[in-house]
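Single-structure report; data block below.
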Amino acid sequence: MIKKIKDFLGFDIKADKYKLSNDPIFGMISDEKKPDKWVFSTCGYCGVGCGLYIGVKDGRAVYTKGDPKHFVNKGVLCLKGLSEHQLINSPERVTTPLIRKDKELVYDSWENVYSKVADEFKRIKKEHGAKAIGVISTGQLLTEEFYTLGKFVQLGLGTNNYDGNTTLCMASAVMGYKQSLGSDGPVGSYEDFEKADCIVLIGANIADNHPILRLHINKNKKNPKIIVIDPRASKTAQMADIFVPIKPRTDLALFNALAYIIIEQGWEDEGYVKANTNGYKELKKHLQNYPPQDVANITGIDIKTLYEIARQFSVNDAVLSAWTMGVNQSVMGTDTVSAIINLHLLTGQIGREGAGPFSITGQCNAMGTREGGFTSSLPGYRNFGDKKALSEYAKIVNVAQEIIPTERGYRYDEIIDAIDRGEIKALWIVATNPLVSFVNQKKLRKVLAKLDLLVVQDAFMSDTAEIADVVFSAATWGEKEGTYTNSERRCNKANKAVEPLGNTKSDFDIIIEFSKYFDGVNEMLFPSWNKPLDAFNEFKEVTRNQLCDYSGITYELLEEYGGIQWPCNEQRPLGTKRLYSPDIPFRTKDEKANLLCVDWYPMSEPASKKFPLILNTGRTVEQWHTRTKTRSMDILNDLAPEAWVDINPKDAQELKVKSGDRLSLSSSKGKVEDIVVRVTQTVAPSTIFVPFHFNTQLINTLIDDNFCPKSGEPNYKQTAVQLHSDEVPDGIEFKEEQRGVISYVKIENEEIKLKEREI
Amino acid sequence: MKPPIENFVNYDADTGMQCGNYSIDIPELKDGEQYRFHFDATVCIGCRSCEVACNEQNNNSADTKWRRVGEMEGGEFPLVRQLFNSMSCNHCIDPECVKGCPTNSYIKIQKTGIVVHNDDTCIGCHYCTWNCPYEVPTYQEDRNIVTKCHMCHEKLDVGEAPACVQTCPSAAIEIESINIKQWLEKDIDKQANMPNLADARITNSTTRYTLPDNLPDDMKEVDEHILKPAHSEMPLVFMTVLTQVSLGGFFALFLGEVMSILGFKGVNWMMALLVMIPASLGLLLSALHLGRPFLALTAMKNLKTSWLSREVLALGIFVLLMNIVVVLYYFEASHRVMLLVEIFTLIVGVFGIHAQAMIYRIKARPSWDRITTNFKFFGVAYVGVLLLGFLTVIIKVSEVAVPLITLAIIGSLLQLFFTYEDLKTLKYKDKNEYQLKRTARLYDENFSKVKQFRFISLILGGIVLPLLVVVLLSSDSYTLASLVMFISVVLVFISEISDRFLFYSTVVSLGMAGGFFVGKQRG
């Protein structure tokens, strides 16, 4: 009472709460949050991989501060990094193992949930075979955890129906690198942004998704020419000297035309091509199918601009291409990656300072799972089916060769289909949330309901965890130790700053403990493993002499140098800035890169009378993925609390809506209601944009299940949709547009066919 | 072996820019120089890291944003331009917050030019939050006071980088020094302005902006669709109206005193008491809108530049003098003494209401900053005249009542005209037409019923019913006349309250562009 009166009269201005204090490490900071200690670590959000320190006070994380010594971020951090300590005590955390009893998820002990799941797995294995167990993991874990998980799933549970959410984001880059250069592995360094004369950003909205990369562009003192290729004038497009607003999904044709022009004009680096590549002749012939005029019609980019972009590859000493989801999330994602690589191979823009085709990764440890995850390859970039690699691996880890899979199992989308067919009976999902992130949500929800057992291992109560039969409550960033590898192959150390919240355990501990419920598995796979370092040490041996060579890396070195880029070994004790410099040959058999003849196809479901607009999806800087981490942090969530739809003023006028109004969207797959309109010129007429983060307006309901046949990556970026406003419920009218054609690619009876190649 | 964590304050982050570094080299200030922000809109990517860094540094919760990022858009696809404005305090050369603060709680530090706020003396009156054309100061609910960006001056003093500067991945925010004279004479008009931001000349803002070339002319703020009424400030609604009623009543009292020389019936102490009550009540109420009412009396500290201090002092004395007048009437003091005291009281009262009106004549809030504000404030006086008229009807002195009521009707007509004019001029061409049109939209879209009530009640209570009273008085129907008069007084009082409510609720500040969802992050 007295306090209330005092408060009303304004006696207390809480000066103590807001006063500053001098911290010996970081200078003046908030006194109330002044840490007792600072713990060296790495950010757990995106693939940039920023170095930071976690401030800990009385056992709670209270601060995150950028590490000024770290190569990646040199002290700066983005808004999610700056507030990252807040996620540890988020109300969204799952704090104890849960098990479904009478339709409710209730608390249970670790022993009970382990044995329940182990018993079910064993039953299913006995009745339907080991492959009736599917596992979908993530790019969020630490490398040690990926390696441990992959080894357990493939060699312990004995199923190769194991994939990660990286298939939703990086798979096309992986497969593109593999088919063009012989191996996965992003070629460049962030330093290349500082050294390039020309930077081509393709389908990469780094302003929202990788803001810290801006630092490296800013550091570039050469005033580089920036080309942004994107159907949407994103925040990133604002950086562009040349903005290339291509029509949706015409990117591959554009790159083929650029290659055409380079060859036509004699702009290629003949010496480089001869010495380092295969397939030049075939490519030259193939490109005749992509004359600039035809491609100009398809892409909506005039010939002059096409020549201007192509010219940049020849007039500049160093050209860097960087891409992300705009390229990867495509039915022809893999080939588009190769078409980009073609440009760099033709002009010798690779393996040098400031030059290269650079795929930027999405998640903090997408790379860790690519290298050690055991999903699309055997650990250490060993290809499935390669007998030598298999026996090598078996020898290193001391297991029988017979238990190592010889081929890749089902990919993400194939796992879902196999559940649908009743082939897979149990699914273990680790740190990912398909019920927001996967395509065709209606179907997915139906399919998941068919499972005998759904196990979700997560630190947060995700939409998928909510329908699980068992939830393994995992520790999260800041509560566990290990390494993350970022886009530029830099292995970074993440440390444990605080004890895992409540009754949670690190993913490493969960897997090791869970493996003990299977006879002999723990002893065989994880003999005397009890800390992440044990996994890391084995992983180092597994990667020795591989392209992703970690053998020279130690935890101590990582802390001392702020991360090290693989390959790192005796010859390269402090790592390697870029791949495919003269001393690092391509990983093909003849050590030459492949110039590949890749083809563009029109969209299988273009805009039509019923669905006259093309929907593009993406992200916003304030949120992370499916928002399980960020939605309860007011400082982030307030800035973007729900999804919105970007609509061009022309379409808005037709729909009689203005900014702030609400409408619904439909596609052939479903409907999304109650989404707020943002009228903006950042999207072209007849195209719209919606961020995918929000379960409140679940945009992935609309996305068709179309996948790149080579990578399995979904085609998130183009979906034909209609908008329904209150005033115009039938939506807008389809405007037949003179769509460009390439004589070589024909559409017959709605089937796309390539003309017989004239040889 | 783990390397020891070293002191990062003096570590060179090798960015070649101020960003990343926990300490920065800023030039030693020479005479006539001060520190300022530079914001480079050509490199900002709108990531809002600066907003979060500021809150983390200062321990502010998500609803207290000292630094905000505004977004604008112009042009046509694909030649569209998105423009971001990250802004905290512009550490102006002539800051309105300093001038207006009634408690002298703002200090422009002599040496550095940084404008800092003294939390201890702040009474939470909100006046600076109105006054600043950039809406920089923000009221912090949990502290009962206003707070604002201080350029991390304690950090700067020891060479440390402000949090926003340290974290910006684009080095879009930097600290510089400027020569004040040169800035004012030459550079300010070219370098201190930003679309959708108040003219830098209002306060002589110091922030230097680097803008992209060829900005489209049609840059629009992305939060245009967010149009919310401003705080209704109910204690102030009552305070202002009540003091203005008192002034009107006292004016009538004074007229009566003058007329009594000519032989009209004298004024008595009850009348004097009646006109004094509203202002006394009003002043008490006004303390309620403060975050720290117990410090209300300190609001008189800045008579030199603050209209708020002047208002508080003048109206305080006004009420005091009116009390003396009551006492003088009670003891039947002589005419001469009465007249002298009353003239003085009236002058103080008029100055008080003038000061009160001038509080709102601020460039930051265009709908207030019009002459109709002054007219309407004084215009309320007719209610006081009517109130006194009511008393004369009750005590059945129709020879006083009729002239008073007639005077009140004239006053009502004037107030009606001012109100009409006030609304009409909202739609005039003006350099602030964007804000004025939004005020007009609030009147029409959010408060059309209140607006309608305002006019009907004013016409009915201020003109029709008083005319009826005059007729009734001529037929000596005092009881009925008293009743009608009562209704009339109540009606016009509510009418003025509703108009004042609209005055506060419909104001639209100059401010800055906001975000699509969060808007301006103010109020």
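Top line first, the protein sequences correspond to chains P and Z.
For the first sequence, the numbering used here assigns the number 1 to the initial residue and increments by one for each residue that follows.
For the second sequence, the numbering used here assigns the number 1001 to the initial residue and increments by one for each residue that follows.
We put the beta carbon where it would ideally sit given N, CA and C, even for glycine.
Quick one, are the C-beta atoms of S83(P) and L636(P) less than 9 Å apart? If you number the first sequence from 1, residue 83(P) lands on position 83. If you number the first sequence from 1, residue 636(P) lands on position 636. Contact: yes.
May I ask you to list the residues that DSSP assigns as paired with W428(P)? Start at 1 with the first residue of the first sequence, and residue 428(P) comes out as number 428. Answer is V135(P), V455(P).
Around the C-beta of T218(P), are 16 or more other C-beta atoms found within 10 angstroms, so that it is buried, or is it exposed? For this step, residue 218(P) is matched to residue 218 along the first sequence. At residue 218(P) the sequence reads Asn, which differs from the Thr that was named. Buried is the call here.
Evaluate the contact criterion for the region 1106-1126 of chain Z versus the region 1184-1204 of chain Z: three or more CB pairs, one atom per stretch, below 8 Å. no
Interface flag, R1292(Z) vs chain P, CB-CB below 9 Å: By 1-based counting over the second sequence, the position of residue 1292(Z) is 292. Yes, its Cβ sits closer than 9 Å to a Cβ of chain P.
Pick from T42(P), H625(P), I227(P) that is closest to Y53(P), judged by C-alpha positions: The residue given as residue 53(P) occupies position 53 in the first sequence. Nearest of T42(P), H625(P), I227(P) to Y53(P), Cα basis: T42(P).
Determine the closest residue to N1059(Z) out of D230(P), Q179(P), K14(P), A322(P), with distance taken between C-alpha atoms. Walking along the second sequence from the start, residue 1059(Z) turns up at place 59. Closest option to N1059(Z), Cα to Cα, is K14(P).
Under 9 Å between C-beta atoms, does Q238(P) make it to chain Z? As a working note, residue 238(P) is residue 238 in the first sequence. With 9 Å as the cut-off, Q238(P) counts as an interface residue toward chain Z.
Using 10 angstroms around the beta-carbon of P245(P), count the other beta-carbons present and answer buried if the total reaches 16, otherwise exposed. Position 245 of the first sequence holds residue 245(P). Result: buried.
By the DSSP assignment, the alpha helix (DSSP H) with T1042(Z) in it spans what residues? The residue given as residue 1042(Z) occupies position 42 in the second sequence. Note, T1042(Z): premise wrong, no alpha helix (DSSP H); not H, not E.
Cβ separation of I341(P) and S180(P), assumed to be a contact under 8 Å, to the nearest whole Å: Position 341 of the first sequence, counted from the first residue, corresponds to residue 341(P). Position 180 of the first sequence, counted from the first residue, corresponds to residue 180(P). So it is a contact: roughly 4 Å between Cβ atoms.
Is K1065(Z) helix, strand or coil by DSSP? By 1-based counting over the second sequence, the position of residue 1065(Z) is 65. In the structure shown, K1065(Z) sits in coil (DSSP, three-state: anything other than H, G, I, E or B).
Let me know if L1321(Z) comes out buried or exposed under the rule of 16 or more other beta-carbons within 10 Å of its beta-carbon. Counting from 1 along the second sequence, the entry for residue 1321(Z) is found at position 321. Classification of L1321(Z): buried, given that the 10 Å Cβ count is 16 or more.
Skipping 5 residues on each side, what residues in its chain have a beta carbon closer than 7 Å to that of V76(P)? Here residue 76(P) refers to the residue found at position 76 when the first sequence is read from its first residue. Closer than 7 Å at Cβ, skipping near neighbours: G66, I212, L215.
Check whether the region 676-691 of chain P and the region 410-427 of chain P touch, using three or more Cβ-Cβ pairs below 8 Å as the test. no
For the beta strand (DSSP E) that L98(P) lies in, which residues bound it at each end? Within the first sequence, the letter at position 98 stands for residue 98(P). It spans 98-101 - the beta strand (DSSP E) in which L98(P) sits, taken as one unbroken run.
Buried versus exposed call for L1255(Z) [16 or more other C-beta atoms within 10 Å across all chains shown]: Taking the second sequence and counting its residues from 1, the one referred to as residue 1255(Z) is at position 255. When all chains shown are included, L1255(Z) counts as buried.
Simplified DSSP assignment, three categories, for D420(P): Position 420 of the first sequence, counted from the start, is the residue given in the question as residue 420(P). Correct three-state label for D420(P): helix.
Just to confirm before moving on: does the CB-CB distance between D197(P) and I229(P) stay below 9 Å? What you label residue 197(P) is simply residue 197 of the first sequence in a count that begins at 1. What you label residue 229(P) is simply residue 229 of the first sequence in a count that begins at 1. Against a cut-off of 9 Å, the Cβ pair of I229(P) and D197(P) comes out as no contact.
9 Å is my cut-off, CB to CB: does D1063(Z) come that close to chain P? Your numbering for residue 1063(Z) matches position 63 in the second sequence. Yes, its Cβ sits closer than 9 Å to a Cβ of chain P.
Rounded Cβ spacing between L1386(Z) and V1470(Z) (contact assumed at less than 8 Å): On the second sequence, residue 1386(Z) is found 386 positions in, with the first residue counted as 1. On the second sequence, residue 1470(Z) is found 470 positions in, with the first residue counted as 1. Not confirmed; about 12 Å, so no contact.
Reduced DSSP category for C46(P) - H, G, I as helix; E, B as strand; rest coil: Along the first sequence, read from residue 1 onward, the residue named residue 46(P) stands at position 46. Looking at C46(P) - three-state DSSP - the assignment turns out to be strand.
My output table needs one value for E1076(Z): the three-state DSSP class, helix, strand or coil. Residue 1076(Z) sits at position 76 when you count from the first residue of the second sequence. Here E1076(Z) sits in strand by DSSP.
With DSSP run on the structure shown, which of helix, strand or coil describes G55(P)? As a first step, residue 55(P) must be located in the first sequence, where it is residue number 55. Strand.
Measuring alpha carbon to alpha carbon, tell me which of L1290(Z), L1215(Z), V1158(Z), L1236(Z) ends up nearest S1505(Z). By 1-based counting over the second sequence, the position of residue 1505(Z) is 505. Ranking L1290(Z), L1215(Z), V1158(Z), L1236(Z) by Cα distance to S1505(Z) puts L1236(Z) first.
Excluding sequence positions up to five away, which residues of its chain have a Cβ less than 6 Å from the Cβ of D1564(Z)? The requested residue 1564(Z) does not occur in the structure, where chain Z is confined to residues 1001 to 1523.
Do K671(P) and L702(P) have their beta-carbon atoms positioned less than 9 Å apart in this structure? Here residue 702(P) is taken as the residue at index 702 of the first sequence, counted from 1. Here residue 671(P) is taken as the residue at index 671 of the first sequence, counted from 1. Yes, the pair counts as a contact, with Cβ atoms nearer than the cut-off.
Taking buried to mean at least 16 other C-beta atoms within 10 Å of its own C-beta, is E1174(Z) buried or exposed? Sequence index remark: in the second sequence, residue 1174(Z) carries index 174 (1-based). So E1174(Z) ends up on the buried side.
Cross-chain neighbours of V683(P) in chain Z, by beta carbon under 8 Å: Taking the first residue of the first sequence as 1, we reach residue 683(P) at position 683. What V683(P) touches in chain Z: F1077.
Pull up the CB-CB distance for L1156(Z) and Y1035(Z), whole angstroms please, since I reckon it's below 8 Å. Within the second sequence, numbered from 1, the residue matching residue 1156(Z) stands at position 156. Within the second sequence, numbered from 1, the residue matching residue 1035(Z) stands at position 35. Confirmed, Cβ separation roughly 7 Å.
I'd like to know if the region 335-352 of chain P and the region 724-734 of chain P are in contact, where contact means that at least 3 CB-CB pairs between them fall below 8 Å. no
Please check if any C-beta of chain P sits within less than 9 Å of the C-beta of V1009(Z). In the second sequence, residue 1009(Z) corresponds to position 9, counting from 1. At least one chain P Cβ lies under 9 Å of V1009(Z).
From the DSSP secondary-structure annotation, give me the bridge partner or partners of Y410(P). Your numbering for residue 410(P) matches position 410 in the first sequence. None; Y410(P) has no bridge partner.
Within a Cβ cutoff of 7 Å, which residues of the same chain sit near L1460(Z), ignoring the five residues on either side of it in sequence? Here residue 1460(Z) refers to the residue found at position 460 when the second sequence is read from its first residue. Once the five neighbours on either side are set aside, the close Cβ partners of L1460(Z) are L1491.
Can you find the residues in the same chain that come closer than 8 Å, C-beta to C-beta, to G1316(Z), ignoring five residues on each side of it along the sequence? Counted from its first residue, the second sequence places residue 1316(Z) at position 316. Once the five neighbours on either side are set aside, the close Cβ partners of G1316(Z) are L1283, M1300.
Just to make sure I have the definition right: I need the residues of chain Z whose C-beta is within less than 9 Å of the C-beta of Y63(P). Which are they? Here residue 63(P) is taken as the residue at index 63 of the first sequence, counted from 1. Near Y63(P) (Cβ distances below 9 Å), the residues of chain Z are E1056.
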